[in-house]
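Sequential numbering of the sequence shown, starting at 167, is according to this note's numbering. Where is the CB? At the ideal position from N, CA and C, for every residue including glycine. Here the structure is laid out as structure tokens; the discussion comes afterwards.
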Amino acid sequence: MPSRRSAYDYVIVGAGSAGCVLANRLTEDRDTTVLLVEAGGRDLNPFIHMPAGIAKLVGDRRIDWQFYTEPERQLAGRRLYWPRGRVLGGSSSINAMCYTRGAAADYDEWAAMGLTQWGYRNVLPYFRKAERHVGGASEYHGDHGPLVVEDLRYRNPLSTVFVEAAAASGMPRNDDFNGVRQEGFGYYQVTQNRGRRCSAATAYLHPVRKRPNLTVITRATTTRVLVERGRAVGIEYRHRGQTHSVHVEREVLLAAGAVSSPQLLMLSGIGPPAELEVWDIPVAAALNSVGENLQDHLDFCTLQKCTQPITYDFGILGELAVGLRYLATRSGPGVSNVAEAGGFARSPLAPDERADLQFHFVPAQLDDHGRNRLPGHGYTLHVCVLRPESRGRILLRSASVADPPRIEANYLSDERDLAQLVSGVRLSREILAAAPFDPYRGAEVFPGSGAQTDQELAAVIREKAETIYHPVGTCRMGIDADSVVDAELRVRGIERLRVIDASVMPSLIGGNTNAPTIMIAEKIADILRGRTPEGQSQAPIFAP
Ligand SMILES: Cc1cc2nc3c(=O)[nH]c(=O)nc-3n(C[C@H](O)[C@H](O)[C@H](O)COP(=O)(O)OP(=O)(O)OC[C@H]3O[C@@H](n4cnc5c(N)ncnc54)[C@H](O)[C@@H]3O)c2cc1C
Numbered sequence: 167m168p169s170r171r172s173a174y175d176y177v178i179v180g181a182g183s184a185g186c187v188l189a190n191r192l193t194e195d196r197d198t199t200v201l202l203v204e205a206g207g208r209d210l211n212p213f214i215h216m217p218a219g220i221a222k223l224v225g226d227r228r229i230d231w232q233f234y235t236e237p238e239r240q241l242a243g244r245r246l247y248w249p250r251g252r253v254l255g256g257s258s259s260i261n262a263m264c265y266t267r268g269a270a271a272d273y274d275e276w277a278a279m280g281l282t283q284w285g286y287r288n289v290l291p292y293f294r295k296a297e298r299h300v301g302g303a304s305e306y307h308g309d310h311g312p313l314v315v316e317d318l319r320y321r322n323p324l325s326t327v328f329v330e331a332a333a334a335s336g337m338p339r340n341d342d343f344n345g346v347r348q349e350g351f352g353y354y355q356v357t358q359n360r361g362r363r364c365s366a367a368t369a370y371l372h373p374v375r376k377r378p379n380l381t382v383i384t385r386a387t388t389t390r391v392l393v394e395r396g397r398a399v400g401i402e403y404r405h406r407g408q409t410h411s412v413h414v415e416r417e418v419l420l421a422a423g424a425v426s427s428p429q430l431l432m433l434s435g436i437g438p439p440a441e442l443e444v445w446d447i448p449v450a451a452a453l454n455s456v457g458e459n460l461q462d463h464l465d466f467c468t469l470q471k472c473t474q475p476i477t478y479d480f481g482i483l484g485e486l487a488v489g490l491r492y493l494a495t496r497s498g499p500g501v502s503n504v505a506e507a508g509g510f511a512r513s514p515l516a517p518d519e520r521a522d523l524q525f526h527f528v529p530a531q532l533d534d535h536g537r538n539r540l541p542g543h544g545y546t547l548h549v550c551v552l553r554p555e556s557r558g559r560i561l562l563r564s565a566s567v568a569d570p571p572r573i574e575a576n577y578l579s580d581e582r583d584l585a586q587l588v589s590g591v592r593l594s595r596e597i598l599a600a601a602p603f604d605p606y607r608g609a610e611v612f613p614g615s616g617a618q619t620d621q622e623l624a625a626v627i628r629e630k631a632e633t634i635y636h637p638v639g640t641c642r643m644g645i646d647a648d649s650v651v652d653a654e655l656r657v658r659g660i661e662r663l664r665v666i667d668a669s670v671m672p673s674l675i676g677g678n679t680n681a682p683t684i685m686i687a688e689k690i691a692d693i694l695r696g697r698t699p700e701g702q703s704q705a706p707i708f709a710p
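Okay, here's the thing in structure tokens:
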């Protein structure tokens, strides 16, 4: 690693999905110096790299921030567990590896907000630039990027049963959720490279770690952005019990994620004055929308017992065998991302042409993020509402980064979200009741046979719904003066400071959020390097 300097052209805070992309792309220019500061450690844990190891990652406080929401009023006062990656690669090192981008119309919606450079035609080139699609290049896919996308090398037989059951329920088949159309059911493609997790760190950071113009510091928690006379001049961070500051020649780039980026802005005096006053933080820029506009995918798991012992509900010996087979052959259940198949569907309540529900099928019993292990065998069908109307917010818990921010997710505060989720659970049941599951179907555990009416289903949702890990929107991009960042992700009212991560999405896209976050970072890296955006896509755009 190059020796540390007192100043860098760019300081990037957070080595997650976005931060790793930025570190790579900015240091392609040899004359540009970059410091990447990450609160977590290196990604040495082998369970990060063996896909099925995901079950061992959630809840490991060495690599997971383990956030919790405040008690959620519409969810029986429960505090929901929010895992977020705290390690090189950030959440891409602990995520489920499903590669989806959302609907084309999601980005056209951003363009319709005045963010004209973020329409689908503008962002598709960056999805393609990021991607190395093992199936080859096409109008929708790239095959030269760092992020390897492949089909799963092993699937549980029940995932095939699920895809057949969706078809038997009248759902269209879809072999590429990121192609011509999103709606339909099939297998997820995954961010894996020959059966190993392809996180943002393995894709973008590790291959360039030796560049002399890139310095990476791990286990270094940024405490605030240093602001002088309306410009960001550097950051302050804690490393090995000491406080350091480092100066920046060009810009500070916050890529700490949808929970921590707004927290860091507020700790630096950039945020709602009323909130800053509570914590005696001097105001550097009054920005009421910092932390607001929080959106997430709330999810319900329909869980069914399986009458045959073929699911991934292994005991310790079974897990050992899976691990050994994976190490020896890079095959078998060890390569499974667990959410192997799924789909996108329109509920009767869908407000427009886009699919409003997403499904993830798991051939194992999944309860409480896998933290509650149930005996026996079973399978689980997740459903979530893709574009919730409910909005939450992030607030400070104290004036210190050491205290996790307060997350008020405010799920189901808009009743439309609950109605959509109820209809999603009904659709889950319909698919699981289809004939292909007949040889396997045991008793329904959740929502349980006692829940039949809409009211009964709503009650179980309030008791059991959880996040499916896609918080965005807390440093909203917009063209209005109230937005946190402008269309090039510059923080309003502070020079030389940008936020580049999932927090800038003005509205939640209809899909998993890793690839979109990587796309955002790819696009801004081009802007920072003064490159003209890559040629606009000529791919036929199908709505949605
Ligand atoms: C369990 C789980 C499963 C998921 N499954 C999928 C999936 O299958 N497919 C998909 O597309 N998406 C999935 N996601 C979502 C996706 O991974 C995230 O949306 C994406 O990684 C967010 O990227 P980011 O750059 O905004 O933040 P992150 O990747 O979370 O990166 C933020 C980084 O900043 C660091 N940081 C925070 N605060 C500080 C500080 N003060 N100082 C220094 N560093 C700091 C963090 O440690 C972290 O490394 C999942 C997420 C989780 C948690």
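Residue j beta carbon less than 8 Å from that of residue i
i: L464; j: A631; result: yes
i: P428; j: C186; result: no
i: E316; j: Q283; result: no
i: P672; j: M279; result: yes
i: T409; j: E415; result: no
i: R491; j: G361; result: no
i: L371; j: I666; result: no
i: A421; j: A599; result: no
i: F343; j: A681; result: no
i: H456; j: P637; result: At residue 456 the sequence reads Val, which differs from the His that was named. Going by C-beta atoms, V456 is not nearer than 8 Å to P637.
i: M263; j: T368; result: no
i: G243; j: R537; result: no
i: G182; j: G400; result: no
i: V738; j: L663; result: The structure shown has nothing for residue 738, since the chain only spans 167 to 710.
i: G352; j: A516; result: no
i: A568; j: I447; result: no
i: W531; j: D479; result: Rather than Trp, the amino acid found at residue 531 in this sequence is Gln. Going by C-beta atoms, Q531 is nearer than 8 Å to D479.
i: L562; j: S594; result: no
Neighbourhood of residue i by C-beta, 7 Å cutoff - its chain only, sequence neighbours within 5 removed
i: R170; result: T381
i: P602; result: V327, E330, A331, A334
i: T193; result: V200, V374, R377, N379, L380
i: L460; result: R557, G558, R559, I560, A575, P637, G639, T640
i: N454; result: P438, D648
i: H413; result: S172, A173, V399, G400
i: R135; result: The chain is shown only over 167 to 710; residue 135 falls outside these bounds and no answer can be derived.
Cα-Cα separation between residue i and residue j, rounded to whole angstroms
i: P710; j: M685; result: Only weak support exists for where P710 lies, its pLDDT of 39 falling under 50; the value from the coordinates is given anyway. Cα-Cα distance, rounded: 19 Å.
i: C467; j: A505; result: 12 Å
i: L552; j: G180; result: 27 Å
i: T389; j: E417; result: 17 Å
i: K222; j: R287; result: 39 Å
i: L246; j: R239; result: 11 Å
i: L694; j: G614; result: 53 Å
i: A653; j: L281; result: 6 Å
i: A625; j: E661; result: 48 Å
i: V177; j: D620; result: 51 Å
i: P514; j: A451; result: 44 Å
i: T198; j: F527; result: 44 Å
i: R319; j: N359; result: 10 Å
i: Y577; j: N678; result: 18 Å
i: R539; j: H299; result: 35 Å
i: N340; j: G301; result: 15 Å
i: P554; j: D583; result: 6 Å
i: V501; j: M216; result: 6 Å
i: S411; j: P570; result: 22 Å
Own chain partners of residue i with C-beta closer than 6 Å, once the 5 adjacent residues on each side are dropped
i: L141; result: Residue 141 falls outside the range modelled here, since the chain spans only 167 to 710, and no answer is possible.
i: D272; result: I675, G676
i: G219; result: F213
i: F510; result: Q348, E349, A521, Q524
i: V449; result: G435, P439, L442
i: I383; result: V203
i: A366; result: S183, C186, G255, S258
i: A617; result: L623, V626
Cut-off 8 Å between Cβ atoms - residues of its own chain near residue i, not counting five sequence neighbours on either side
i: G308; result: F293, R294, K295, A296, E297, R298, H299
i: G489; result: M216, G500
i: N322; result: I476, T477, Y478, P499, S502, E506, P529
Cβ contact (3+ pairs, closer than 8 Å) linking the stretch 532–545 and the stretch 601–614: yes
At a cut of 8 Å, does the stretch 197–215 reach the stretch 242–258 through at least three beta carbon pairs? yes
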